[in-house]
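Q: Would you mind keeping the following structure in view while I ask a few things?
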Amino acid sequence: MLATVLLASGCSGENAGNKNTDGEQRKEIITIDLVNEPSSLDPQMQWNPDSYYVYRNIYDNLLTRNSQNEIVGSVATDWKYLSDTEVEFTIRDDIVFHDGVRLTPSDVAYSVKRITNPEFGSPQLGQFSKILHAEVTGENTVKLTTDGPYPVLLPQLVKLSVVPRHYVEEIGKDQFNLQPMGSGPYRFVEWRRGVSVTLERNDEYWGAKGAFPMAIFRAVPDSSTRIADLRSGMADLVVSIDPDQAGQLTYAAGVQQLPVLTERIAYLRLNVERPPLSDVRLRQAIAHAIDKQLIIDALLGGVSQPANIMLSEFHFGWMEESDYLEYDPEKARRLIAESGAVGQQKIEFVISQVYDPRIIQAIQQMLTDVGLNVSINLLDMSTYLNVTRGEINERPDMSYGRWSCACQDADGVLYPLLHSTSQWSGTNDPVFDSLTEDGRRTLDAAERMQAYEKVHQRIAMNVPLVPLFQMAIIYGASDHLQWTPTPSEDMFLNKMSWSQYNNK
Amino acid sequence: MYGFVLRRVAQAIVAILGVTTLVFFVQRLTGDPTLLLLPETATQADVDAMRHTLGLDRPMIAQYASYLWDILHLDFGRSYTQFVPVGQLIIPRIPYTLALTGCALVIALGIGVPVGIVLALYRDHKATSVLMGIVIAAQSMPTFWSGILFMLIFAVTLEWLPASGAAGFESIILPSVALGLLSMATFARVTRMAVIDELSKHYVRTAKAKGISTFRLITHHLLRNASIPIITVAALEISNLLAGAVIVETVFAWPGLGLLTIQSIVSRDFMVVQSIVLIAAFITVFLSLFADLLYAAVDPRIRLETST
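Order-wise, the sequence lines are chains A and B. For any residue, its number in our numbering is found by taking its place in the first sequence, counting from 1, and adding 4. For any residue, its number in our numbering is found by taking its place in the second sequence, counting from 1, and adding 4.
This is how it looks when you write it as C-alpha cells:
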C-alpha cells in the first residue's frame, strides 16, 4: 500500500523541470516560492499577498500603477468625472478572456456589483463599499456612482479585477475559484492543493506578453527552505526573506536579493484616553526615546527607513515634515521626570507573534533606558486584533503594528487610525475627527493636502501614534532574473524576464 | 474475539467524540477568525457581516449541534480561509502524510532494529556504546535543524536531491530521513532489550545446541519472539511520527496534513482543524486496537477474550 501511495505522490509530482531541459539556453518555467498557497483564486474573495501574487496574473484590473507608481489605465483607457460623485470609464474594446469571449463594459459593471454585494461576503467589501451603482452607459463606457465625493476611488479601483460575467454566472462561485478564468497575461492550468499553482502564458494577451511559457507558484512556509530552494536552483524567485537571512544571499553564488521599500508603516499606537499615557509628556518621551535608525541598522538589515510621519512617499498626503519628534533620550528623561509619579506606572505593550520580537525587545529596552516601566504582552494575531480593537478604555496602553491600506492614500491610513468612530483609533479627539473628515470630503488635492498637513502636525504634538519605520520587503532571486519589485507588492510575470536564457 | 472488538470500537467512538467536543469549544474560546480574514481597514459593519457569513454570530451550542448533525451526514463544513469544502483540502493531503510517515517508519525500523540486535549481541563490547551514542545523537537533533542541515548538504551543496516540495520519489527522501531519525533510537533500545531478554531463554540454548547459524537464530527464532514489544512501540511511534510530521512537513514544504494543520490553527480555520483532529483521533485510537489484534496474530498464546 505504501508503495502505491509513494508512486501516486511521485507520479503526480509537479514538473521538476525547473532545471533547464536544454542546457543553459532555454528555460521554459519560472518557479516562484510563496509562503503559503493562495487562499482563493477568485480575485473578489481574498486579497492576501499569496493569493494576490498568483491571481493578479490571471486577471486584468480596471486600473493599474506604472513603474513611477502613478495610476494609469488598464481595462479602462480613460476616465472623467461627470460630477463629484460620478466617474465614467472608457473600456478597451480589444480585450478577450481566455475562452475567447470579448471583455465588455457589462463585465466591468458586473465585477463592481459582485464585490459590493453584501450577500457575496467579500472580505474586500470595505474597500469598495462607497460605490453605490455601476451601470453600462454606452458601447464602451461604464459609470460608477459613489455615496459622496470619494477621493480614494481611483486608488481602490487599482485593486478591482474584472471577472468574466458569462463564465462566473455559468459555473458559479465555487467552481470559479477552482477553475479561475480571466483576461490576464497568464492563464490558469492547475492547482495542486498544498503544493503549487501552475499558469501558462496567454499568447493572445492584448498587453505586454510574458517572457516565460509557464510559471509555477509553490507554497513553502519556512524561509530557510525558500532560501535553500533558491540556492539549489529549485526556485527562481522567493518571497519574504528576513533581513538576517538576506545576508546569506550576499555571499552565495548565482543569487541576488531584491529589497524594496513598501507603503507599509510600522508604528506604536498609544492609548491617550487613560493613565499613564493620558499624560502627553510620557507619549512625547516615548517618541524621543526610540532610536529608529539604530534598529534599522542593527535588526532590519539597513533596508527599511525611519518614518517621521505615518505615511510613505508613495502615499498621497505625504510631505517633508519638519515638526517630528527626534531621537533625544535626554529630553525623554526630562519629560518623564516632569510627569512625576505617573511616569513610574507600568505601561502594557501589546504585540502579536507575527511581529519580529527583536524589534519589540529593542523598543522596550530603549524605553526602559530612559526610565519607563514597560511590560510586553505577547498575543496570537487573532487575540491581538480583538484586544487592540476593543472598547477604547480597554485597549492596551501601547501596541505595535504595521499599517498598509494598499491604496497609497492618506485617507486609508489616518482616518482608520485617528477618527474616533474607527475601532483602530486610540484617541477621541474632535480635531482629528474633523481634519480626517476634511481629507476625505473633497476631490480637491490642495485642500486635502492642507488637512493632512495639520494631521501630521497634530500627531507630532499630541502623539497618539509614534511612526517608526517604512518597512522594506526582500525578495530573493536567481541572478538570471530581471525584475524590479514595486512598493505595491505586485508580482507581474509579464514584467519579468531572463537576462541570459532564450525567452522564446 | 468479536466481543472484544465491539467493546473496543464503542470505547473508540466515545473517545473520538470527546476529543472532537473538546477541540470544538477550546478553539472557539481562544478567539475568532473574522478579523484575520478581513483587511486592516475593515469597519465593525464589515466584521459583523463576515461573522454572519461564517455563522459565528450564532450561539456556540447551536453551532455545536449543527456541527454534530453535519458530521453525521458526512458534511465536515467549509474552510473559512479557502472557501471550499473541508474534504477537498484534507483528502489530497492524506496520501502525502501516509507516505512520509510510512517511509520514516521504514527508515526508523530499518536502522533501529538491526542496530538494536547488534547492541544486544555485542552488549559487552565497548564499541556498542559508541554506536548507541550515534543513534541517540541522531534522535536528539531537532527536526527543524537537521532538516535544514540535510537541505544544505544534499540539495544546495551536493545537488543530489530537491530541497523541498513533492516532485516525485526523490522529494520524499530527505523529509522521511529527518523524520525517521526521531524514532530510530527508540526502536534500537526496545529491540536491544527484547533481544537480550530472549537470549536468556531455553529455546535459544537449544537452537544453539542444534548448531544453527547466528543469522538463522535471529531471523527465525529471536526476532519473532522479540517482535511483540517492537510492534507495541511501533504503534505508539506512528502517533509520534504523525506529530513530528507537522514540523518536517513545514520545513520541507511537504504538502501533508501536518502543514495544513499548522496553517489552519494559525488562521483559526475551525472547520479544518476540527476535521483533522477527528482524523488524528481516529487513527490513534484504531492503531492501538490494530496493535492488540496484531499481537494475537504474531503470538498465538495471546487470546483476546482473556486479555480484557
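Each residue gets a CB set at the ideal place from its N, CA and C atoms; glycine is no exception.
(1) Check whether the region 471-491 of chain A touches the region 180-195 of chain A, counting contact only when three or more Cβ pairs, one atom from each stretch, lie closer than 8 Å.
(2) For the beta strand (DSSP E) containing Ala311 of chain A, list its first residue and its last residue.
(3) Is there a Cβ from chain B that is less than 9 Å from the Cβ of Ala311 of chain A?
(4) Looking only at DSSP bridge pairs, what is His137 of chain A linked to?
(5) By alpha-carbon positions, which one of A:Met49, A:Thr35, A:Val378, A:Val264 ends up nearest to Leu274 of chain A?
(6) Output yes or no for whether 9 Å exceeds the beta carbon distance between Cys107 of chain B and Ser187 of chain B.
(7) What residue ranges within the region 209-248 of chain A form continuous beta strand (DSSP E) runs of no fewer than 3 residues, ordered along the chain?
(8) What separation, rounded to the nearest whole angstrom, lies between the Cα atoms of Pro361 of chain A and Asp384 of chain A?
(9) Is the CB-CB distance between Ile232 of chain B and Leu261 of chain B below 9 Å?
(10) Please classify Glu44 of chain B as buried or exposed, where buried requires at least 16 neighbouring CB atoms within 10 angstroms.
(11) Any C-beta of chain B within less than 7 Å: which residues of the region 220-251 of chain A qualify?
(12) Take Val169 of chain A and list the residues in its own chain whose beta-carbon comes closer than 7 Å to its own, dropping the five residues that flank it on each side.
(13) Please report the distance separating the alpha-carbon of Ser279 of chain B from that of Val88 of chain B.
(14) Does the separation of the CB atoms of Ala366 of chain A and Ala302 of chain A fall below 9 Å?
(15) Strictly below 7 Å CB to CB, what residues from chain B border Met314 of chain A?
(16) Just to confirm the assignment, what range does the alpha helix (DSSP H) spanning Val250 of chain B have?
(17) May I ask you to report which of helix, strand or coil DSSP gives Leu60 of chain B?
(18) Taking the CB atoms as reference points, tell me whether Glu241 of chain B and Thr190 of chain B lie closer together than 9 Å.
(19) In chain order, what residues of the same chain have a beta carbon less than 8 Å from the beta carbon of Met402 of chain A, not counting five sequence neighbours either side?
(20) In chain order, what residues of the same chain lie with their CB nearer than 8 Å to the CB of Val58 of chain A, ignoring the 5 residues before and after it?
(21) Could you give the C-beta distance for Met370 of chain A and Ala455 of chain A, rounded to a whole number, given that I count them as a contact under 8 Å?
(22) Can you tell me the Cβ-Cβ gap for Phe154 of chain B and Ala182 of chain B, rounded? I've got them flagged as a contact below 8 Å.
(23) Should Gly27 of chain A go down as buried or exposed, given a rule of 16 or more other Cβ atoms within 10 Å for buried?
(24) I want to verify the contact list: residues of chain B whose CB lies under 8 Å from the CB of Gly416 of chain A, in sequence order.
(25) Smallest Cα separation from Ile94 of chain B: which of B:Asp296, B:Met275, B:Arg55, B:Asn244?
(26) In whole angstroms, what separates the C-alpha of Ser78 of chain A from that of Val167 of chain A?
(27) Name, please, each residue of chain B whose Cβ falls closer than 9 Å to the Cβ of Met49 of chain A.
(28) What I want to know is whether the C-beta of Pro118 of chain B ends up closer than 8 Å to one or more non-hydrogen atoms of the ligand ATP.
(29) Please work out which residues of its chain come closer than 6 Å, Cβ to Cβ, to Thr25 of chain A, disregarding the five sequence neighbours upstream and downstream, and give them in chain order.
(30) Is any beta-carbon of chain A found at less than 9 Å from that of Ile235 of chain B?
(31) Output, in sequence order along the chain, the residues in the region 159-193 of chain A whose CB is closer than 9 Å to any CB in chain B.
(32) Quick check: is the beta carbon of Asp494 of chain A nearer than 9 Å to any beta carbon in chain B?
(33) Between Pro333 of chain A and chain B, is the shortest Cβ-Cβ distance under 9 Å, so that the two count as touching?
(34) Can you tell which of A:Ala270, A:Gly394, A:Val91, A:Asn381 has its C-alpha closest to the C-alpha of Ser4 of chain A?
(35) Provide the residue(s) that pair with Phe192 of chain A in DSSP beta bridges, ordered along the chain.
(36) Quick one: Cα of Gln288 of chain A to Cα of Lys335 of chain A, how far?
A: Checking against the coordinates, here is how it stands:
(1) no
(2) Unbroken run through Ala311 of chain A: none, as it is neither H nor E.
(3) no
(4) A:Thr149
(5) A:Val378
(6) no
(7) Every beta strand (DSSP E) of 3 residues or more that sits fully in the region 209-248 of chain A is shown, in chain order, as 218-223.
(8) 13 Å
(9) no
(10) buried
(11) Arg222, Ala223, Val224, Pro225, Asp226, Ser228, Thr229, Ala232, Asp233, Arg235, Ser236, Met238
(12) Just to set this straight, residue 169 of chain A is Arg in the shown sequence, not Val. Once the five neighbours on either side are set aside, the close Cβ partners of Arg169 of chain A are Ser110, Asp111, Tyr114.
(13) Ser279 of chain B and Val88 of chain B have their alpha carbons spaced roughly 14 Å apart.
(14) yes
(15) Correct list: empty, because the minimum Cβ distance to chain B is about 13 Å.
(16) If you look at Val250 of chain B, you'll find it in the alpha helix (DSSP H) that goes 227-256.
(17) coil
(18) In this structure, Glu241 of chain B places its C-beta atom within 9 Å of the C-beta atom of Thr190 of chain B.
(19) Leu272, Arg273, Leu274, Asn275, Leu281, Ile290, Ile351, Glu352, Phe353, Val354, Val378
(20) Leu38, Pro42, Leu45, Val201, Leu203, Phe221
(21) Contact flag wrong, Cβ pair sits at about 32 Å.
(22) 6 Å
(23) A caution first: Gly27 of chain A carries a pLDDT of 44, below 50, which makes its placement in the model too unreliable to give a value.
(24) Thr45
(25) For Ile94 of chain B, the nearest C-alpha among the options comes from B:Met275.
(26) 14 Å
(27) Phe87
(28) This structure does not include the ligand ATP; it has no bound ligands of any sort.
(29) Confidence is the limiting factor: at Thr25 of chain A the pLDDT is only 43, short of 50, which leaves the residue's position unreliable, though a coordinate-based value still follows. Cβ neighbours of Thr25 of chain A beyond the five flanking positions: none.
(30) no
(31) Lys177, Asp178, Asn181, Leu182
(32) no
(33) Pro333 of chain A does not count as touching chain B.
(34) Residue 4 of chain A falls outside the range modelled here, since chain A spans only 5 to 508, and no answer is possible.
(35) A:Leu203
(36) 9 Å
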